[in-house]
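Enquirer: Under the numbering used here, the residues of the sequence shown are numbered 239 to 380, in order. Every residue, glycine too, gets a C-beta built ideally from N, C-alpha and C. Note that this is a predicted model, so its numbers are computed, not measured.
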Amino acid sequence: MTVRSILNTKGHQIMSVEPDAKLAAAVKLLGEKKIGAVLVMNQSRLEGILSERDIVRVLGERGAAVLEAPVSEVMTRKVVTCKETDTVAELMETMTTGKFRHLPVLDNGKVVGLISIGDIVKWRVREYETEQEALRDYIKTA
């Protein structure tokens, strides 16, 4: 099972903000879309990722005034990414080891999607349910 399989099911939509956007605007987007992270992109180039953790950390350090700061001051710059050909097992290992929940998906350097730990869990649950159903059907016919 690959990242491409998940993206083909969930879609390739990407929520992003520009590096000079105010943190308050990014927080509003996260709340409206009910998502945990947003990509920080300058035109089509990935410059960082902004997660709920980044926001909580900086609010704790600098207080509410930081909401007027540009996203580029708060975002994670060293973004770990994956490819469409990566397996779900590889993603689970990467996310567990790195202790993060979102991975941008790149194809030839271009962002083509975003995978969250929730997407992986949903996919794995669906996979197990399909296997159980197949086993039940097999048992009924045996």
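Helix, strand or coil, according to DSSP, for N246 in the structure here?
Expert: To locate residue 246, count along the sequence shown from 1; it is residue 8. N246: helix per DSSP, three-state reduction.
Enquirer: Could you have a look at T319 and say whether DSSP puts it in helix, strand or coil?
Expert: The count along the sequence shown starts at 1 and reaches residue 319 at position 81. Residue state, collapsed to three classes: coil.
Enquirer: Quick check: the Cα distance between A380 and E369, rounded to an integer number of angstroms?
Expert: What you label residue 380 is simply residue 142 of the sequence shown in a count that begins at 1. What you label residue 369 is simply residue 131 of the sequence shown in a count that begins at 1. Their backbone Cα atoms lie some 16 Å apart in a straight line.
Enquirer: Could you tell me which uninterrupted alpha helix (DSSP H) segments, each at least 4 residues in length, are contained entirely in the segment 292-372, listed from first to last along the chain?
Expert: List check, alpha helix (DSSP H) in window: 326-336.
Enquirer: How many whole angstroms separate the CB atoms of V309 and L261, which I take to be in contact at a CB cut-off of 8 Å?
Expert: On the sequence shown, residue 309 is found 71 positions in, with the first residue counted as 1. On the sequence shown, residue 261 is found 23 positions in, with the first residue counted as 1. The pair is a contact, with the Cβ atoms about 6 Å apart (cut-off 8 Å).
Enquirer: For N246, I'd like the list of residues in its chain whose CB is within less than 6 Å of its CB, leaving aside the five on either flank, ordered along the chain.
Expert: For this step, residue 246 is matched to residue 8 along the sequence shown. Counting only Cβ-Cβ distances below 6 Å, and skipping sequence neighbours, we find nothing.
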